[in-house]
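Trainee:
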Amino acid sequence: MTETLAGADSGAAKRALAPEWPLLRRAALISTLSGLLWLPLAGSAALALAGLLEGRLPALALASFLLFGALRAVLAMLAEAVAQRAALAATSRLRGGVLAQVARRAALPRAGGFASLVGEQAALIRPYAARYVLAQMRVTVLPVAVFLCAFSTSWAAGLILLIAGPAIPVFMALIGHAAGRASREQLQDMGSLSALLADRIGALPDIRLLGASAALGRDFARAAEGLRRASMRVLGIAFLSSTVLEFFAALGIAMMAVFCGFSLLGEIGFGTWGAPLSPAQALFLLLIAPEFFQPLRDLAAAWHDRASADAAALALDQATAPQARMAGQGARAPALPHSVLVLQGVVSRGVSFPDLDLPAGAALAVTGPSGAGKSTLLRLIAGLEQADAGVILLDGMPLGDGNADAWRAALGWMPQGVHFVDDTLEANLRMGRPGDLTPALSGAAAAHLIAALPEGLATRLGERGAGLSGGEGRRLTLARALHAAPRLIVADEPTADLDAATAAEVTRGLLAAHRAGAGLIVATHDPALVATIGREYRLGAG
Amino acid sequence: MRRVWQVMAAGGGMGRAAALAALVLLAGSGLLALSGWFITASAIAGMTAGVMFDVFRPAASVRGLALIRTGARYAERMLGHDATLRAVAGLRGAVLAGLAGLPWDAMQRLRRGPALARVVADTDALDGLPLRIVLPALAALLAFAGAFALIAWLAGWQMAVWICGAHLGPALAAGGWGLRHASGLARQALRAERDFRSHALDLIAARDDLAVHGRLPAQIARAMAAEAEAARLTARLETTERAVALTQELARIIAMAGALGLGATGIRLGMFGPAIAAMCFFAAMALAEATAPLRRAVADWGRIRDAADRVAPMLEQAMPPPVPAVPALPLRVADLLVPAGGVLAISGPSGAGKSTLLSQIAGLIPPAPEQKITLAGRPISDWPEPELRAGLVLVPQRVALIAGSLRENLALARPEASDDDMREILAAMRLDHLRGGLDLRLGDGGLGLSGGEMRRVALARALLRKPRILLLDEPTEGLDEAMACHVMGQITRRSDGAALVFASHRASDLMRAVLHIRLD
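Protein chains in written order, with UniProt numbering: chain A, 1 to 542; chain B, 1 to 520.
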């Protein structure tokens with residue numbers, strides 16, 4: 001029944017945890033066993049309390065109470081330890097899988113969204129594995145065991161639990177739905193509040209320049225207040241349904257106490273199997289009654305773990321769905337000796353590219369309006385995506401998984417916008433290649449840029465090359481491409497958005513490398529650059 | 001931490017929520033204790049025939065406590081969450097206000113990249129401060145105080161000391177150890193987790209570059225190494241947390257066993273009867289609920305402290321009050337005097353310092369000592385920020401709009417502007433074609449508009465403010481020649497009577513200026 005409650009995506013988290021499932025089951029078994037130990041524990045306590053009635057404390061009952069209590073606590077922690085380890089292992093495995101899969105795709109997801117998928121979202125599987133799975137098994141065993149114990153002691157006590165009990169599946173369904181919805185909406189609200197904050201912080205400089213800081217504060221307070229009200233409305237419903245469960249639990253205990261008391265007084269003469277209820281039996285019933293409800297409360301508390309884990313598992317599943325891949329592994333390989341580049345009947349994303357035959361060391365300007373497929377062509381040539389039809393030949397060999405890594409090792413790559421990875425400038429320029437950086441830096445007219453940085457090559461660059469202007473970033477990208485000692489340089493709009501002087505420097509660097517023997521494929525709008533290169537490859541001319 | 005809490009508690013409602021939480025705990029413990037007393041007392045009455053025993057009052061009290069507990073629980077949850085949401089919203093508002101007072105370059109750095117995500121995540125983490133630390137701690141203290149008084153009254157102070165001590169002593173000791181131990185671990189684990197996230201982000205954002213350079217497997221390995229480190233630290237953190245939980249559970253068992261032993265002694269000494277002894281036993285069992293949240297507090301404390309340490313400094317700056325004074329002209333930059341209606345162009349290669357000079361004129365960064373920038377003869381750095389902002393507007397090279405309608409974006413510049421004013425200025429910037437007009441909804445940062453459109457909205461916003469001094473950094477970047485011509489024409493016409501200063505590469509823009517500064 002619980003399977004159907006979480007909605008259409010139920011089971012996604014369980015499927016994702018398949019390799020760890022046996023371990024989790026074992027943890028759940030230990031946890032259930034620890035829960036069952038409450039029964040002998042309660043029995044010992046009841047005997048000890050009954051002893052007090054006669055003015056003595058039975059040593060055996062006290063000793064077994066301590067023993068069962070300690071054993072129960074240790075087993076509970078053991079179960080959690082096993083489950084938590086399995087949960088951590090599962091997250092690591094899932095993250096590794098997604099990274100390896102998605103990194104080799106032709107079309108990439110948005111980086112920020114992907115980072116939050118493998119970061120925060122993948123972590124949501126953990127509480128499901130570590131808490132929910134255990135709570136679920138306990139809930140199928142413990143209430144039944146407690147009921148059987150109560151029923152065999154007194155049928156009326158069993159009846160009390162049964163009266164409070166049947167309502168429970170119904171309320172669990174209610175709680176499941178309401179809590180699921182509440183947690184979704186609350187997450188959404190908290191999320192939109194966060195998004196609102198992020199958005200306003202992003203606009204702070206502009207806001208300040210407009211002298212509107214105070215207006216911004218008022219606007220934010222109003223939006224936050226609206227979110228709070230909406231959030232509380234939904235939470236009210238969710239709390240109400242769990243309150244009903246609490247109510248039945250508290251009422252069940254109260255009814256049990258009243259029944260036992262009246263039986264002992266002799267006011268109630270029914271409800272037992274023949275002999276009247278003894279004080280020890282009555283105390284036992286009172287002690288085990290809360291444990292009838294506790295597993296249900298635990299499950300209710302863990303309920304939203306499952307919903308969010310299912311959502312996360314589903315998102316991870318979708319992220320790893322098979323899609324077009326790049327050629328090769330993107331790994332280091334010895335550079336391919338170059339190579340005549342030939343395009344034959346290449347079609348990609350609905351653009352059919354003119355055939356091309358480019359000898360080694362030749363230069364080519366790729367031109368055409370925005371959206372004509374210039375960047376796509378460069379990615380196709382680098383094997384970062386694969387053509388829907390046609391073939392790219394390197395010295396007559398088709399470009400594919402077998403030779404893509406070696407081919408790319410021969411390329412100098414100069415993208416239009418650069419994303420420097422979270423590392424030093426030096427590591428970003430070297431990209432794992434040893435050797436002297438000086439020639440590449442001077443070739444790209446970037447040596448003085450490095451000298452101007454307070455920490456030089458050791459400067460750490462964050463996202464988008466913190467603190468570098470567009471022209472500086474472009475020159476560093478050129479230096480990186482030159483340091484790769486390429487046989488063919490592939491550059492995407494190397495002079496776009498640069499002032500004339502910087503554009504000229506970048507062009508000079510490219511041409512110098514070309515004169516030194518490297519081939520050159522440049523996608524550009526710049527008529528001066530096209531004229532310098534001489535050979536033009538037009539796209540989207542109709 | 002204290003400063004953060006002051007801001008969060010300002011929303012109110014925390015005291016009531018904590019009192020209700022204590023009531024929940026006391027009613028729960030009372031329910032079990034009274035039930036235990038009732039059963040035991042009934043057993044005694046049943047055994048000794050002829051004793052009159054009032055059954056109805058205790059029975060009614062048991063049911064009453066069950067109802068009180070349920071009701072208080074609901075109220076406590078509602079109030080607690082409401083107070084937390086107020087606190088979280090208040091904190092975010094205070095953070096925003098604090099950040100608005102940051103120095104200019106710090107503000108610029110903040111808007112991009114991981115720092116922004118960090119601020120947002122930190123404020124998110126701090127909702128745990130009331131919900132998982134302060135409220136449960138206050139509630140537990142109140143509940144134990146209440147339980148102590150009741151038990152001492154009914155069974156003597158020895159029993160009260162034992163039951164409260166056996167719970168609180170180990171809880172405080174384990175909690176103290178756990179909080180100290182876990183907070184360091186949590187910080188390290190968080191750092192490793194953040195490293196993993198940032199490497200994963202790099203992996204996708206720089207995938208093509210990494211693949212061409214054969215660095216894809218290396219980057220994946222780098223990310224997964226950070227992940228393994230995070231998992232290792234998290235495992236240690238969880239072990240700490242379990243140790244605390246185990247201590248608490250063992251403490252409960254010992255508290256219950258001790259209550260039995262003290263009960264037997266008390267009965268023998270005639271201090272109380274078996275019914276009171278049973279009541280104490282059940283109270284010892286139920287009071288564990290009060291210390292139970294400690295475990296979660298240990299797990300979250302590191303994260304919360306980490307976040308609080310970073311958020312606290314942001315709360316110190318205050319939002320500048322709006323001042324409707326207007327700085328006077330002329331503007332003087334070096335030897336050039338820009339009067340009302342004057343136009344000054346700044347040109348030079350990229351990196352020559354055009355944006356820096358504009359920021360200096362705007363009073364955002366201090367000018368170099370030898371540089372002379374004055375407004376009405378007074379050095380720019382002597383002008384107070386609010387007065388400067390009231391009459392001087394700079395449209396930077398990278399503009400950001402806010403999520404919301406186009407109207408909201410424009411209203412930031414002049415809240416009292418009418419829709420007609422706004423439409424007129426949008427038409428002047430050739431933005432009247434936008435579907436939805438002023439009601440057009442923009443996503444975060446102005447998502448949904450092209451770069452050129454965003455730039456023109458920012459220019460429209462600046463013009464709407466009718467500043468005395470209008471500074472524009474590359475106003476026509478990303479616009480085609482015809483549009484650039486139109487836009488600059490509109491700007492020069494509409495800023496008549498103001499001093500206009502702009503930096504540009506475009507020859508046709510530069511020709512509009514009478515005065516020039518060329519930087520090399």
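Where a beta carbon is used, it is the ideal one built from N, C-alpha and C, also for glycine. As the structure is a prediction and not an experimental result, all values here were calculated from the model.
By the 10 Å Cβ neighbour count, where 16 or more other Cβ atoms means buried, how is A:Met326 classified, buried or exposed?
Mentor: buried
Trainee: I need the straight-line Cα distance from A:Gly211 to B:Ala411, nearest angstrom please.
Mentor: 12 Å
Trainee: Do B:Leu91 and B:Met8 have their C-beta atoms within less than 8 Å of each other?
Mentor: yes
Trainee: Apply the 10 Å Cβ neighbour rule to A:Thr140 and answer buried if 16 or more other Cβ atoms are within range, or exposed otherwise.
Mentor: exposed
Trainee: Which residues, in chain order, does the segment 335 to 359 of chain A contribute to contact with chain B at a C-beta distance below 7 Å?
Mentor: none
Trainee: Against chain A, does B:Ala147 count as a neighbour if the rule is that its beta carbon must be under 8 Å from one of theirs?
Mentor: no
Trainee: Within the same chain, show all residues whose beta-carbon is closer than 6 Å to that of B:Thr84, passing over the 5 residues directly before and after it, in chain order.
Mentor: Asp127, Pro130, Leu131
Trainee: Would you mind giving the Cβ-Cβ distance between B:Arg86 and A:Arg233, rounded to the nearest angstrom? I have them listed as a contact below 8 Å.
Mentor: Contact annotation, B:Arg86 with A:Arg233: C-beta distance approximately 15 Å; criterion of less than 8 Å not satisfied.
Trainee: Please report the distance separating the alpha-carbon of B:Leu20 from that of A:Cys260.
Mentor: 30 Å
Trainee: So if DSSP puts A:Gln386 in a beta bridge, which residue, or which two residues, is it bridged to?
Mentor: DSSP output for A:Gln386 lists no bridge partner at all.
Trainee: Under a Cβ-count criterion, where at least 16 other Cβ atoms within 10 Å of its own Cβ denotes burial, should A:Ile392 be classed as buried or exposed?
Mentor: Buried, because 16 or more other Cβ atoms sit within 10 Å of the Cβ of A:Ile392.
Trainee: Can you tell me the Cα-Cα spacing of A:Thr2 and A:Thr32, whole angstroms?
Mentor: Only weak support is given to the placement of A:Thr2: the predicted model assigns it a pLDDT of 37, under 50, and the value that follows is read from those uncertain coordinates. Approximately 18 Å between the Cα atoms of the pair.
Trainee: Across the segment 153 to 171 of chain B and the segment 63 to 77 of chain A, are there enough close Cβ pairs to call them in contact, namely three or more that are closer than 8 Å?
Mentor: no
Trainee: For B:Leu31, which residues from the same chain have a beta carbon less than 7 Å from its beta carbon, with the 5 sequence-adjacent residues on both sides left out?
Mentor: Val62, Leu65, Ala66, Arg69
Trainee: Going straight from the alpha carbon of A:Ala129 to that of A:Thr376, what length do you get?
Mentor: Approximately 43 Å, taken between the alpha carbons.
Trainee: Note down, in chain order, each residue of its chain lying with its Cβ closer than 8 Å to the Cβ of A:Leu498, except the 5 sequence neighbours on either side.
Mentor: Gly470, Gly471, Arg474, Val506
Trainee: What does DSSP give as the partner residues of A:Arg460 in its beta bridges?
Mentor: A:Thr424
Trainee: Under 8 Å between the Cβ atoms of B:Leu470 and B:Ala498?
Mentor: yes
Trainee: Just tell me which of B:Ala286, B:Ala155, B:Trp37, B:Leu438 has its CA closest to the CA of B:Leu25.
Mentor: B:Ala286
Trainee: Answer with yes or no whether the minimum CB distance from B:Val311 to chain A is below 8 Å.
Mentor: no
Trainee: Measure how close the beta-carbons of A:Leu394 and A:Leu336 come, nearest whole angstrom, since I'm counting them as under 8 Å.
Mentor: 7 Å
Trainee: At a CB-CB cut-off below 8 Å, which residues of chain A make contact with B:Ala235?
Mentor: Listed by position along chain A, the residues whose Cβ is nearer than 8 Å to that of B:Ala235 are Gln84, Arg85, Leu88.
Trainee: Please return the same chain residues whose Cβ sits closer than 6 Å to the Cβ of B:Leu337, not counting the five positions on each side in sequence.
Mentor: Same-chain partners within the cutoff: Pro330.
Trainee: When the distance is taken between beta carbons, is B:Ala283 closer than 8 Å to B:Ala143?
Mentor: When the beta-carbon positions are compared, B:Ala143 and B:Ala283 stay at least 8 Å from each other.
Trainee: Would you call the segment 346 to 359 of chain B and the segment 382 to 392 of chain B touching, i.e. three or more CB-CB distances under 8 Å?
Mentor: When Cβ pairs closer than 8 Å are counted between the two stretches, the segment 346 to 359 of chain B is seen not to touch the segment 382 to 392 of chain B, the count staying below three.
Trainee: DSSP puts B:His516 in a beta bridge; with which residues?
Mentor: The partner list for B:His516 (beta bridge, DSSP) reads B:Ala345.
Trainee: Can you list, in chain order, the residues of its chain with a C-beta nearer than 8 Å to that of A:Asp405? Leave out the 5 residues immediately preceding and following it.
Mentor: Excluding residues within five positions, the ones whose Cβ falls inside 8 Å are Gly328, Gln329, Gly330, Ala331, Arg332, Ala333.
Trainee: Cutting at 6 Å between CB atoms, please list the residues of its own chain near B:Asp195, excluding the five before and the five after it.
Mentor: Ala226
Trainee: DSSP puts B:Thr374 in a beta bridge; with which residues?
Mentor: B:Arg332, B:Pro379
Trainee: Could you spell out where the beta strand (DSSP E) holding B:Met1 opens and where it closes?
Mentor: Run containing B:Met1: none; DSSP gives neither H nor E here.
Trainee: What does the alpha-carbon distance come out to for the pair A:Arg222 and B:Gly446?
Mentor: 20 Å
Trainee: Given a cut-off of 8 Å on the beta-carbon distance, is the pair B:Asp208 and B:Gln219 in contact?
Mentor: Between B:Asp208 and B:Gln219, the C-beta gap is not smaller than 8 Å, which leaves the two residues out of contact.
Trainee: Provide the residue span of the alpha helix (DSSP H) that contains residue 601 of chain A, from first to last.
Mentor: In this structure chain A extends from 1 to 542, so residue 601 of chain A is not present and cannot be described.
Trainee: Run down chain A in chain order and give the residues with a C-beta less than 8 Å from the C-beta of B:Ala403.
Mentor: Ala195, Leu196, Asp199
Trainee: Taking the alpha-carbon positions, what's the B:Leu294 to B:Thr239 distance?
Mentor: Rounded to the nearest angstrom, the two C-alpha atoms are 15 Å apart.
Trainee: By how many angstroms is the C-alpha of A:Arg480 removed from the C-alpha of A:Gly456?
Mentor: If I take the Cα positions, the gap works out to 15 Å.
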